[in-house]
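So the protein sequences, as listed, match chains A and B. First residue of the first sequence: 254, per the numbering used here; consecutive thereafter. First residue of the second sequence: 254, per the numbering used here; consecutive thereafter. Structure first, commentary second.
Protein chains: 2
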Amino acid sequence: MKLVFLGTGSGAPSIKRNVSSVALIFSDESKVWLWDCGEATQHQILRTSIKMSKIEKIFVSHLHGDHLFGLPGLLASRGLACGKNQRNIQIFGPEGLDSYLKDTLDISNTYIPYEIKITVIPTNTKSGVIYEDEECKVNYCEIIHSIKTYAFSLEEKKKEKHFLIEKAREYRIQPGPIYKSLKEGGTIQLPDGRVLHGKNFVINSQKRKKIIFGSDTTFSKNLVNFARDADLLIHESTFSIKEKENALCNFHSTAGMAAETAKNAKVKQLILTHISSRYNLKNKNNRVSEKDLLTEAREIFPDTLLAEDFMIYHI
Amino acid sequence: MKLVFLGTGSGAPSIKRNVSSVALIFSDESKVWLWDCGEATQHQILRTSIKMSKIEKIFVSHLHGDHLFGLPGLLASRGLACGKNQRNIQIFGPEGLDSYLKDTLDISNTYIPYEIKITVIPTNTKSGVIYEDEECKVNYCEIIHSIKTYAFSLEEKKKEKHFLIEKAREYRIQPGPIYKSLKEGGTIQLPDGRVLHGKNFVINSQKRKKIIFGSDTTFSKNLVNFARDADLLIHESTFSIKEKENALCNFHSTAGMAAETAKNAKVKQLILTHISSRYNLKNKNNRVSEKDLLTEAREIFPDTLLAEDFMIYHI
Numbered sequence: 254m255k256l257v258f259l260g261t262g263s264g265a266p267s268i269k270r271n272v273s274s275v276a277l278i279f280s281d282e283s284k285v286w287l288w289d290c291g292e293a294t295q296h297q298i299l300r301t302s303i304k305m306s307k308i309e310k311i312f313v314s315h316l317h318g319d320h321l322f323g324l325p326g327l328l329a330s331r332g333l334a335c336g337k338n339q340r341n342i343q344i345f346g347p348e349g350l351d352s353y354l355k356d357t358l359d360i361s362n363t364y365i366p367y368e369i370k371i372t373v374i375p376t377n378t379k380s381g382v383i384y385e386d387e388e389c390k391v392n393y394c395e396i397i398h399s400i401k402t403y404a405f406s407l408e409e410k411k412k413e414k415h416f417l418i419e420k421a422r423e424y425r426i427q428p429g430p431i432y433k434s435l436k437e438g439g440t441i442q443l444p445d446g447r448v449l450h451g452k453n454f455v456i457n458s459q460k461r462k463k464i465i466f467g468s469d470t471t472f473s474k475n476l477v478n479f480a481r482d483a484d485l486l487i488h489e490s491t492f493s494i495k496e497k498e499n500a501l502c503n504f505h506s507t508a509g510m511a512a513e514t515a516k517n518a519k520v521k522q523l524i525l526t527h528i529s530s531r532y533n534l535k536n537k538n539n540r541v542s543e544k545d546l547l548t549e550a551r552e553i554f555p556d557t558l559l560a561e562d563f564m565i566y567h568i
Numbered sequence: 254m255k256l257v258f259l260g261t262g263s264g265a266p267s268i269k270r271n272v273s274s275v276a277l278i279f280s281d282e283s284k285v286w287l288w289d290c291g292e293a294t295q296h297q298i299l300r301t302s303i304k305m306s307k308i309e310k311i312f313v314s315h316l317h318g319d320h321l322f323g324l325p326g327l328l329a330s331r332g333l334a335c336g337k338n339q340r341n342i343q344i345f346g347p348e349g350l351d352s353y354l355k356d357t358l359d360i361s362n363t364y365i366p367y368e369i370k371i372t373v374i375p376t377n378t379k380s381g382v383i384y385e386d387e388e389c390k391v392n393y394c395e396i397i398h399s400i401k402t403y404a405f406s407l408e409e410k411k412k413e414k415h416f417l418i419e420k421a422r423e424y425r426i427q428p429g430p431i432y433k434s435l436k437e438g439g440t441i442q443l444p445d446g447r448v449l450h451g452k453n454f455v456i457n458s459q460k461r462k463k464i465i466f467g468s469d470t471t472f473s474k475n476l477v478n479f480a481r482d483a484d485l486l487i488h489e490s491t492f493s494i495k496e497k498e499n500a501l502c503n504f505h506s507t508a509g510m511a512a513e514t515a516k517n518a519k520v521k522q523l524i525l526t527h528i529s530s531r532y533n534l535k536n537k538n539n540r541v542s543e544k545d546l547l548t549e550a551r552e553i554f555p556d557t558l559l560a561e562d563f564m565i566y567h568i
């Protein structure tokens, strides 16, 4: 799988960062899922190799405009681009999303030549499963923002081949051509004449990749538990530690808060996103830059990256 | 005054052309009015010298998404960019615009730190004045599209100095330095000794520039009358003559229809906009290019230009 960061700014778009959206492209590139859909997400997609027709599911974390206002236009353009013979689409999000979409598409008389199925998260639940199929499961968990907001986790169920390193060591096979051949299922002969079959060194294991799409939140213990042992946590980092008060007042996070969540949850990788345009280096009044956000986070959690628009992350 | 074309494509955005919007910047650059506001109009504005705080009025021709979906995000970002001390905004458009905006801003919990006054055009009227002040007047006129759609005219009332050429001729003054000096209000002495004062050769006259913002329509006699003698007609040209049936079925215009309107209305200048992405030369299946649209129109009405995103037109 790979992720394409389509919008990594907060609140309003800037030249450098659009408002929120991330695309998840599955390994065989047969389908794309979107996580949030700020205004001009469809414009960002035009600048990638993503095909609109392959977008199958859209998860909306909350109904603030910078995560939502691109949705009606994207759905309309998907219809215009692909005509009648395209896949239906499923959209998931907070209560109110259904009426927003219905009202907006109705008043604009937008013709959608495919079916849209909307699933809303019941307001009286804090967490649960919102989607599951043979390949993966998506859970939601309420986080702490000024309106009802959810983080989502995607847990993969894909079977992966697992090479038995310890067994290879018993035969004193070190990483190299023989090791590689065995790993790929080949048959090799050792210098002492013994023949080894790769199939005896490989087992099919359940390897569940787990990705957390964190959305807008201040530090949330719920999110720490939800993100436990994830392979990747995408977490907002609207502010630097120097504006911690601002972060708390507005239910957002500092880079340090994001890193604390990653550290406590013991995730493998943290990616900071939802970066305020005030940290853009072109603004000469800045005392803090985007790089400082990254430094702030890495002091707490070293395995941190700073997202930028069109960044691709393989997982 | 000058116009900045922010979006000149039809239906869905392309890399080359965004969906519809035109900005009108008044001569002293103190204020900006927008005509339609398709998705990512605010993103286009970021790429110009236009200040969000100077946008005072927005005219919406109809409620199709490619003319409308940028409005909530633009209003929200204008609030974030400029804080509390900014001007109020007036928005004009068809019935339904008020509930669309109210519902969208409510459900997204968007805080707008300035007043928005919405004026809707009564559905039972076909034409009328929608705004007037000391400087200019804006009329609307219903045109022919798949939903209720209006063209707008802006008529300027600016006072301009007018030189009395006939009176100068009585004194046998030919164009040249003396003529120029009089025109600028100076005092001159003729070879025969007579003294002439420029102020007696200049009168203040009402010169009304008239601009027509045409929007989506098929050929409309109403629009011909409405655009009569305008200095500029901005008219859609979604299709070429080769797709006239398509134009008629979808209540759009060919380049030729736009030119017929310009010719019959005796306007001074026609600008074609709302160009379908099918005519983008990068699409190798094209038999017709954007240039062909321009040629088609110019055969009927020579004073035609083809708009492109970020084109500036002085008037």
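Where a beta carbon is used, it is the ideal one built from N, C-alpha and C, also for glycine.
Based on DSSP bridge pairs, tell me the residues matched to residue i.
i: T402(A); result: I396(A)
i: L559(B); result: L525(B)
i: P347(B); result: I374(B)
i: I342(B); result: I369(B)
i: H415(B); result: I456(B)
i: L407(A); result: V391(A), I464(A)
Where do the N-terminal and C-terminal ends of the alpha helix (DSSP H) with residue i fall, by residue?
i: L327(B); result: 324 to 335
i: I308(B); result: Unbroken run through I308(B) is the beta strand (DSSP E), 308 to 312; no alpha helix (DSSP H).
i: I418(B); result: 418 to 423
i: K497(A); result: 497 to 502
i: K516(A); result: 508 to 518
i: L547(B); result: 543 to 553
Roughly how many angstroms lie between the CA atoms of residue i and residue j, to the nearest whole one?
i: Q297(A); j: F322(B); result: 16 Å
i: S361(A); j: L327(A); result: 14 Å
i: F345(A); j: I383(A); result: 8 Å
i: D356(A); j: Y353(B); result: 8 Å
i: D556(A); j: K310(B); result: 48 Å
i: I465(B); j: A560(B); result: 15 Å
i: G467(A); j: K255(A); result: 17 Å
i: I371(A); j: K401(A); result: 17 Å
i: R531(A); j: V313(A); result: 25 Å
i: C394(B); j: S473(B); result: 11 Å
i: L287(B); j: L485(B); result: 16 Å
i: A265(A); j: F279(B); result: 26 Å
i: I565(A); j: F504(B); result: 42 Å
i: N502(A); j: T471(A); result: Reading off the sequence shown, one finds Cys at residue 502(A), where the question assumed Asn. When rounded, the distance between both Cα atoms is 9 Å.
i: S380(A); j: V391(A); result: 11 Å
i: R481(A); j: D469(A); result: 18 Å
i: L324(A); j: S330(A); result: 10 Å
i: D562(B); j: E348(A); result: 38 Å
i: E552(A); j: S283(A); result: 39 Å
i: G436(A); j: P375(A); result: At residue 436(A) the sequence reads Lys, which differs from the Gly that was named. K436(A) and P375(A): Cα-Cα distance of roughly 47 Å.
Can you list the residues of chain D that residue i reaches, using a CB-CB cut of under 8 Å?
i: I268(B); result: Although the question refers to chain D, the structure presented lacks it and instead comprises the protein chains A and B.
What span of residues does the beta strand (DSSP E) with residue i cover, start to end?
i: L316(B); result: Taken as a continuous stretch (DSSP letters only), L316(B) belongs to no beta strand (DSSP E), as it is neither H nor E.
i: E385(A); result: 380 to 385
i: I565(A); result: 565 to 567
i: L256(A); result: 255 to 260
Residues of the region 378 to 389 of chain A whose Cβ lies closer than 8 Å to any Cβ of chain B, in chain order: Residues are counted here when their Cβ sits less than 8 Å from a Cβ of chain B; for the region 378 to 389 of chain A the count is zero.
Residues from the region 354 to 377 of chain A in contact with chain B, defined by Cβ distance under 8 Å: Answer in chain order: D356, T357, I360, S361, N362, T363.
Near-chain B residues of the region 272 to 293 of chain A (beta-carbon distance less than 9 Å), N- to C-terminal order: Listed by position, the residues of the region 272 to 293 of chain A near chain B (Cβ gap below 9 Å) are V272, G291, E292, A293.
Uninterrupted beta strand (DSSP E) stretches inside the region 427 to 489 of chain B (no shorter than 3 residues): Taking only runs of at least 3 residues, the beta strand (DSSP E) segments lying wholly in the region 427 to 489 of chain B are 440 to 442, 448 to 450, 455 to 459, 463 to 466, 485 to 489.
Short-range partners of chain B found in the region 320 to 348 of chain A, where Cβ spacing is below 8 Å: So the close ones are L321, F322, G323, P325, G326, A329, S330, L333, A334.
Residues of the region 390 to 415 of chain A whose Cβ lies closer than 8 Å to any Cβ of chain B, in chain order: When CB distances to chain B are screened at a threshold of 8 Å, the residues of the region 390 to 415 of chain A falling below it are S399, I400, in chain order.
Contiguous alpha helix (DSSP H) assignments of at least 4 residues, all confined to the region 272 to 299 of chain B: Unbroken alpha helix (DSSP H) runs of no fewer than 4 residues, entirely contained in the region 272 to 299 of chain B, are found at 294 to 299, following chain order.
Interface positions of the region 507 to 523 of chain A facing chain B (Cβ-Cβ less than 9 Å), listed along the chain: From the region 507 to 523 of chain A, no residue has a Cβ closer than 9 Å to chain B.
The region 439 to 463 of chain A: positions lying closer than 7 Å to chain B by Cβ: Those would be none; no residue qualifies.
Chain A contacts made by the region 466 to 489 of chain B, where a contact means CB separation under 9 Å: Within the region 466 to 489 of chain B, no residue has its Cβ closer than 9 Å to any Cβ of chain A.
Under 7 Å (Cβ pairs) to chain A, residues found in the region 308 to 320 of chain B: From the region 308 to 320 of chain B, only L316, H317, G318 have a Cβ closer than 7 Å to chain A.
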